[in-house]
Amino acid sequence: MYEAFYGMRHTPFVRGIPSNALYKTRQNAEVLSRLSYTAKNQLFAVLIGEPGTGKTSTLRRLKDELPESEYMVLYVSDSRLTPRSFYNYMLNQLGCKSEFLRNTARNALHKQIEIMRSMQNRKAVVIVDEAHLLPKEMLEEARFLLNYRMDSENPLALILSGQTELWDKLRLSAYRAILERVDIECFLTPMDFADTKQYIQSQIQYSGHESPIFTDDAIRSIFDFSGGNPRLINRACSQSLIYGSQMKQNCIDSKSVDIVLENEVTGMSQ
Ligand SMILES: Nc1ncnc2c1ncn2[C@@H]1O[C@H](COP(=O)(O)OP(=O)(O)OP(=O)(O)O)[C@@H](O)[C@H]1O
Ligand SMILES: [Mg+2]
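One gets the working numbering by counting positions in the sequence shown from 1 and adding 17 to each.
This is the structure:
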């Protein structure tokens with residue numbers, strides 16, 4: 018829509034940007050290194066953050082950064098997951114057929130993981146995204162994956178990722194058995210002003226536009242609106258770019274951003 022006006026080769030501020038073009042804050046780097054450690058040492062980690070803070074993006078980056086020759090990453094994100102569909106989902110990702118019974122599916126998955134470990138020398142990393150939506154039965158089933166073997170080493174790495182309700186849930190006494198087994202905790206919080214500024218600049222750079230488009234005061238307005246939440250920053254920037262291109266503005270200042278955000282806030286409250 019606005020790409021031609023700004024001479025952009027790629028659309029910035031969208032969900033599907035390649036994982037290597039994602040902006041890495043210090044916090045992102047720290048979380049990624051904890052999750053890589055989880056994968057390498059076959060541990061159990063939880064990744065927690067408010068909606069839109071970049072959990073799925075971080076998991077996408079982790080998947081792309083783990084060498085395929087050493088890791089097999091199985092990603093599941095489905096709030097209606099039942100234990101049987103959970104196992105079948107993963108079996109399908111491993112190229113195996115679904116099984117009708119939960120126990121058969123579970124055993125088939127264990128077998129596949131063992132084959133990968135012993136014959137291909139690859140480590141399995143199971144990622145369950147949107148885990149705050151899952152019922153207790155399903156969270157426990159995921160956790161059981163860690164100790165189907167009798168020895169001390171986990172057969173796989175498990176990462177549960179979800180919004181803050183997941184953390185609140187895990188701290189309830191009914192979930193203690195799961196929480197006690199968590200080895201690594203990672204939290205994603207919104208960006209500060211400096212990171213928001215860098216984030217916006219990195220997205221403009223990724224688009225192929227050569228100079229900054231947003232003025233400093235425009236970025237301040239975007240930060241005030243978004244509180245540093247990447248999804249809200251994206252929304253504010255995309256809407257401002259649409260407006261800026263319609264108004265033929267090469268530089269977008271806070272006056273334009275405020276007009277756009279005024280509409281956004283009214284639109285959001287409807
Ligand atoms: N580090 C980053 N670099 C570039 N874009 C990012 C980054 N982090 C998040 N985003 C963008 O912000 C938006 C929200 O990110 P994402 O979907 O990963 O959040 P989430 O925490 O998984 O949200 P939810 O809880 O709703 O699932 C996406 O459009 C994503 O591309
Ligand atoms: Mg997500």
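Even glycine gets a Cβ: it sits at the ideal position worked out from N, Cα and C. Bear in mind that the values here come from a model prediction, so they are computed numbers and not experimental data.
Which residues in the same chain as residue i place their Cβ atom closer than 8 angstroms to its Cβ, once the five residues preceding and following it in sequence are excluded?
i    : result
L183 : V63, I65, A148, H149, L177
S216 : One point to set straight first is that residue 216 is Tyr, not Ser, in the sequence displayed. Excluding sequence neighbours, Y216 sits near Y40, T42, M208, P247, I250.
E157 : A194, I195
Who are the Cβ neighbours of residue i in its own chain at under 7 angstroms, not counting the five residues just before and after it?
i   : result
H27 : Y223, S224, G225
T70 : L205, T206, P207, N246, P247
Looking only at DSSP bridge pairs, what is residue i linked to?
i    : result
K140 : Y88
A62  : I176, I201
F231 : I269
V93  : V145
Shortest alpha-carbon distance to residue i belongs to which of the options?
i    : options               : result
N58  : E197, V142, R97, L108 : V142
M133 : P100, L91, L118, N164 : L91
I230 : G244, F242, S255      : S255
S271 : D233, S102, P172      : D233
G179 : T75, A253, E20, A56   : T75
K289 : A235, L175, N120      : In the structure displayed, the chain extends from 18 to 287; residue 289 sits before or after that span and is not available.
T6   : I201, F242, R188      : Lying before the first or after the last residue shown, residue 6 is absent from the chain, which here runs from 18 to 287.
L108 : T121, S50, E281       : T121
E67  : A191, T181, C203      : T181
Helix, strand or coil: which one does DSSP assign to residue i?
i    : result
F103 : helix
L39  : coil
H27  : coil
E20  : coil
Y83  : Looking at the sequence shown, residue 83 is not Tyr but Leu. If DSSP states are grouped into helix, strand and coil, L83 belongs with coil.
Q287 : Unreliable placement is indicated for Q287, whose pLDDT of 42 sits below 50; no coordinate value is reported for it.
N164 : helix
V274 : helix
K114 : coil
M133 : helix
D212 : helix
T206 : coil
With a CB to CB cut of under 6 angstroms and the five nearest residues on each side skipped, what residues in its chain are close to residue i?
i    : result
V277 : Q256, S257, Y260
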